[in-house]
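Working notes, structure below.
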Amino acid sequence: MNLVPLYVAIPLLAAFLIPLLGMWWKKSGEVLATLSTVLLSVMAIASIGAPAVVHHMGGWPFPEGIAIVSDGLAVLLLIAVNVVGFLCVIFSLKYMQEYTGLPKYYGLFMLMIAGMNGVVVSGDLFNLFVFLEIASIASYALVAFGVEADELEAGFKYLVLGSVASIMILFAVGTVYAVTGTLNMADAAREIASRFGGPEMNPALLLAAAFFLMGFSLKAALVPFHAWLPDAHPSAPAPISAMLSGVVIKSLGIYAICRIFFHVFGFAAGNPSSVIIANAMIAFAILSIVIGGLLAIGQWDLKRLLAYSSIGQIGYVMLGIGIGARVLATGGARSLAALAILGGLFHLINHAAFKSLLFLSSGAIQQATGTRDMKRMGGLKERMPITAATTNLAALSIAGVPPFSGFWSKLVIIVAAVKAGHVVISSIAIAMAFVTLVYYVKLQREVLFGAVRGAVEKAREVPAVMYVPLIILAVVCVGFGLLYPVVGARILEPATDALLNGAEYIKLVLG
Amino acid sequence: MKGMTLIVRTITDFVVAFIVVFGAYIVLYGHLTPGGGFAGGVIIACAFILLMLAQGKEVAFSRFGEKTAHVLDSTGALVFLAIGGVGLTAGFFFKNVFGRGEPFRLLSSGMILPANIAIAFKVVGSLYLVFTALAIFRRRSFRSMIEDELT
Numbered sequence: 006m007n008l009v010p011l012y013v014a015i016p017l018l019a020a021f022l023i024p025l026l027g028m029w030w031k032k033s034g035e036v037l038a039t040l041s042t043v044l045l046s047v048m049a050i051a052s053i054g055a056p057a058v059v060h061h062m063g064g065w066p067f068p069e070g071i072a073i074v075s076d077g078l079a080v081l082l083l084i085a086v087n088v089v090g091f092l093c094v095i096f097s098l099k100y101m102q103e104y105t106g107l108p109k110y111y112g113l114f115m116l117m118i119a120g121m122n123g124v125v126v127s128g129d130l131f132n133l134f135v136f137l138e139i140a141s142i143a144s145y146a147l148v149a150f151g152v153e154a155d156e157l158e159a160g161f162k163y164l165v166l167g168s169v170a171s172i173m174i175l176f177a178v179g180t181v182y183a184v185t186g187t188l189n190m191a192d193a194a195r196e197i198a199s200r201f202g203g204p205e206m207n208p209a210l211l212l213a214a215a216f217f218l219m220g221f222s223l224k225a226a227l228v229p230f231h232a233w234l235p236d237a238h239p240s241a242p243a244p245i246s247a248m249l250s251g252v253v254i255k256s257l258g259i260y261a262i263c264r265i266f267f268h269v270f271g272f273a274a275g276n277p278s279s280v281i282i283a284n285a286m287i288a289f290a291i292l293s294i295v296i297g298g299l300l301a302i303g304q305w306d307l308k309r310l311l312a313y314s315s316i317g318q319i320g321y322v323m324l325g326i327g328i329g330a331r332v333l334a335t336g337g338a339r340s341l342a343a344l345a346i347l348g349g350l351f352h353l354i355n356h357a358a359f360k361s362l363l364f365l366s367s368g369a370i371q372q373a374t375g376t377r378d379m380k381r382m383g384g385l386k387e388r389m390p391i392t393a394a395t396t397n398l399a400a401l402s403i404a405g406v407p408p409f410s411g412f413w414s415k416l417v418i419i420v421a422a423v424k425a426g427h428v429v430i431s432s433i434a435i436a437m438a439f440v441t442l443v444y445y446v447k448l449q450r451e452v453l454f455g456a457v458r459g460a461v462e463k464a465r466e467v468p469a470v471m472y473v474p475l476i477i478l479a480v481v482c483v484g485f486g487l488l489y490p491v492v493g494a495r496i497l498e499p500a501t502d503a504l505l506n507g508a509e510y511i512k513l514v515l516g
Numbered sequence: 009m010k011g012m013t014l015i016v017r018t019i020t021d022f023v024v025a026f027i028v029v030f031g032a033y034i035v036l037y038g039h040l041t042p043g044g045g046f047a048g049g050v051i052i053a054c055a056f057i058l059l060m061l062a063q064g065k066e067v068a069f070s071r072f073g074e075k076t077a078h079v080l081d082s083t084g085a086l087v088f089l090a091i092g093g094v095g096l097t098a099g100f101f102f103k104n105v106f107g108r109g110e111p112f113r114l115l116s117s118g119m120i121l122p123a124n125i126a127i128a129f130k131v132v133g134s135l136y137l138v139f140t141a142l143a144i145f146r147r148r149s150f151r152s153m154i155e156d157e158l159t
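Read top to bottom, the protein sequences are chains A and B. The numbering used here numbers the first residue of the first sequence as 6 and each following residue consecutively. The numbering used here numbers the first residue of the second sequence as 9 and each following residue consecutively.
Shown next as structure tokens:
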């Protein structure tokens, strides 16, 4: 017996119990959300190094049943989602007190975690879509939770664009079902490999691939599908911004792209369609890196700067994965593909840590100073030393200053790009890494250092329940950089292996 | 909302009970005939929505309050999860642990019947709540919105 379904069942239980008990017990959300996220984090961390397992719902084996799969790649995402989720709940305990309707907030929060965990462990295309919708709809409501005019506008924009993405994904799922006659990912992969494995890809499958790529890129906010993110992420309450930038765009976007393109469609050497898909991934990645980075420089709203930075950084994650895909599709060395994908996944988990830290600290700064306008800040380290120190650490980490984690993951991605012969792409990536440094130096200069001015004068350090999550995430940022041998061997290499061994995934699920 | 004419109000008073019974039938026989928790739940919720349209919000809330709907909504989902959790004790989530019974009888096919009832609770509660949420917001004319913008 394995307990993989509990990753979905526990947050769902909390999500429905919180509003029910919340009618009589006002603290239900705080207590139950903390308990369940602690439990989920412990489960996720305990599954590091465990062998890949598949759970057949209702005891029905393939082909009747629905498979729930936890392999190396899923474990990586489960750790990111649940640990960041736990820290955001802790931060919310104090931060969200100024809002009303808290049982609804925690209920939606747990629903979002249930949806993300469901996407990550689902072994079935249609279930993946259903969980994606659960997580998306919960996040639309959470973005608009403040119900001010701009928050509602951002939530509505996110809803419309997110629904467009969902329709594209549903259409693609339907097309794959029509062509292969199955929704089970492993079975669909086997069908595609055996019936359409030749150099000519079935045009219907190519169309499905295009719709999947567009839909999931919209969920991941890759340029040119990024328009919703700079509005949605700053408008949400800070813990939700941290969840959205930290894990939602990764589990709903990047993870789903990895799972579907590497495992279901597969990157067969010599298949021209595979090369087209890999090229599209690299193109979206480069566009995201360049446009996200350049737009971030000009921002004076702290959270908006962080949101544009998310677009740029998610581009780096996609670049690593896209280069890995292209190496596989052109028949290059498997070890080189593994290096590129490892870099991408490493940047994914690093970005989950430092971007959620930055968004949480932006919330702490907003609550202490009452503004997000960087022109009205300065000298924060005098008034809020702990928040300023952790923010500084995250900024150095994301800007790629050694020895912090962001430097190593960008280095791996760029080395892989050079080794794969993409000289122009790697020089763009290096140049834009410098641009990242530029706008984080701007953040340091305007907000953290210098003379105390503007709204900062009256600011006080936030209470411990808010800065402890910041400290934990800062330790993670340093730890991932310095303890790479441990993190790499225990978490990242199993994930890379799982992604590259499509055949093993099919064998695991179909038995 | 004040409700509609006397004829409509009298007729809805009669038919609401029948619609609820028909919905309950669809739920309870979902494992034997076409239908099930969702279809039956929609029919039951429609009975109360009809009541709200014909007789107004106050009458509908006196028969089926908002708080009751919230409780039904959450308990339905929790019961459904509990049925799945019971299966986990037998090794797999949603594994059938109830007796299968004699085919084509009401009490047969294991956990499908309780699962259908749980789904019906959830659907009745949430569909009714969606409708009440929409009914609470009064329609504002386009002209008044423009005037608000200008002032």
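In this text, a Cβ means the ideal position worked out from N, Cα and C, and glycines have one as well.
Using the rule of at least 16 other Cβ atoms within 10 Å of the residue's Cβ for burial, across every protein chain shown, is residue i buried or exposed?
{"i": "A/PRO66", "result": "exposed"}
{"i": "A/GLY516", "result": "exposed"}
{"i": "A/GLY297", "result": "buried"}
{"i": "A/TRP30", "result": "exposed"}
{"i": "A/SER278", "result": "buried"}
{"i": "A/GLU462", "result": "exposed"}
{"i": "A/ARG264", "result": "buried"}
{"i": "B/ILE91", "result": "buried"}
{"i": "A/THR180", "result": "buried"}
{"i": "A/ASP236", "result": "buried"}
{"i": "A/VAL470", "result": "exposed"}
{"i": "A/VAL521", "result": "Nothing can be reported for residue 521 of chain A: it is not among the residues displayed for chain A, which extend from 6 to 516."}
{"i": "B/PHE22", "result": "exposed"}
{"i": "A/SER250", "result": "buried"}
Answer yes or no: the CB of residue i versus the heavy atoms of the ligand NAP, is any distance below 7 Å?
{"i": "A/LEU212", "result": "The ligand NAP is absent from the structure shown, which contains no ligand whatsoever."}
List, in order along the chain, the chain A residues whose C-beta lies closer than 7 Å to that of residue i?
{"i": "B/GLY92", "result": "ALA14"}
Hey, how far is the Cα of residue i from the Cα of residue j?
{"i": "A/PHE136", "j": "A/ALA225", "result": "15 Å"}
{"i": "A/GLY320", "j": "A/PHE289", "result": "7 Å"}
{"i": "B/PRO122", "j": "A/PRO108", "result": "28 Å"}
{"i": "A/ILE316", "j": "A/GLU196", "result": "35 Å"}
{"i": "A/THR187", "j": "A/ALA193", "result": "6 Å"}
{"i": "A/CYS482", "j": "A/PRO68", "result": "43 Å"}
{"i": "A/ALA274", "j": "A/THR335", "result": "5 Å"}
{"i": "A/LEU157", "j": "A/SER240", "result": "9 Å"}
{"i": "A/LEU234", "j": "B/LEU137", "result": "30 Å"}
{"i": "B/GLY45", "j": "A/ALA399", "result": "50 Å"}
{"i": "A/VAL125", "j": "A/LYS255", "result": "10 Å"}
{"i": "A/ALA479", "j": "A/ALA358", "result": "8 Å"}
{"i": "B/PHE56", "j": "B/MET119", "result": "28 Å"}
{"i": "A/PRO56", "j": "B/LEU40", "result": "41 Å"}
{"i": "A/HIS3", "j": "A/LEU488", "result": "For chain A, the structure presents residues 6 to 516; residue 3 of chain A sits outside this window and is missing."}
{"i": "A/LEU210", "j": "A/PHE267", "result": "14 Å"}
{"i": "A/ILE172", "j": "A/ALA460", "result": "44 Å"}
{"i": "B/VAL105", "j": "B/ALA98", "result": "7 Å"}
{"i": "A/PHE217", "j": "A/ALA177", "result": "6 Å"}
Which residues of chain A have a Cβ atom closer than 9 Å to the Cβ of residue i, listed in chain order?
{"i": "B/LEU89", "result": "ALA14, LEU17, LEU18 and PHE21"}
Among the options, which residue has its Cα nearest to the Cα of residue i?
{"i": "A/GLY327", "options": "A/ASN397, A/TRP233, A/GLY167 and A/ILE262", "result": "A/ILE262"}
{"i": "A/ILE477", "options": "A/ILE95, A/MET48 and A/ALA20", "result": "A/ILE95"}
{"i": "B/ARG17", "options": "B/VAL87, B/PHE88 and B/LYS65", "result": "B/LYS65"}
{"i": "A/VAL440", "options": "A/LEU299, A/ASN506 and A/PRO468", "result": "A/LEU299"}
{"i": "A/THR1", "options": "A/LEU175, A/MET173, A/ILE174 and A/ALA198", "result": "There is simply no residue 1 of chain A to check, as chain A begins at 6 and stops at 516 in what is shown."}
{"i": "A/ALA422", "options": "A/SER367, A/ILE370 and A/LEU324", "result": "A/LEU324"}
{"i": "A/GLY77", "options": "A/ARG331, A/THR501 and A/MET48", "result": "A/THR501"}
{"i": "B/GLY31", "options": "B/LEU14, B/THR13, B/LEU89 and B/GLY43", "result": "B/GLY43"}
{"i": "A/CYS93", "options": "A/TYR111, A/THR105, A/GLY106 and A/ALA79", "result": "A/TYR111"}
{"i": "A/ASP129", "options": "A/THR392, A/ALA191 and A/ILE142", "result": "A/ALA191"}
List the residues of chain B that residue i touches, going by C-beta distances under 9 Å, in chain order.
{"i": "A/HIS356", "result": "The contacting residues do not exist; A/HIS356 stays about 32 Å from chain B at best."}
Applying a beta-carbon distance threshold of less than 8 Å, which residues of chain B neighbour residue i?
{"i": "A/LEU25", "result": "HIS78, VAL79, SER82, THR83 and LEU86"}
{"i": "A/MET28", "result": "LYS75, HIS78 and VAL79"}
{"i": "A/PRO10", "result": "GLY92, LEU96 and PHE101"}
Contact set between the segment 72-86 of chain B and chain A, restricted to residues whose Cβ is under 9 Å from the partner:
LYS75, HIS78, VAL79, ASP81, SER82, THR83, GLY84, ALA85 and LEU86
Closer than 9 Å, Cβ to any Cβ of chain A: which residues of the segment 32-48 of chain B, in chain order?
none
If the cut-off is 8 Å on Cβ atoms, which residues from the segment 92-110 of chain B count as contacting chain A, listed in chain order?
GLY92, GLY93, GLY95, LEU96, ALA98, GLY99, PHE100, PHE101, PHE102, LYS103 and ASN104
Short-range partners of chain E found in the segment 43-66 of chain A, where Cβ spacing is below 9 Å:
As a matter of chain content, chain E is missing from the structure shown, whose protein chains are A and B.
In the segment 242-255 of chain A, which residues sit with their C-beta less than 8 Å from some C-beta in chain B, listed in chain order?
none
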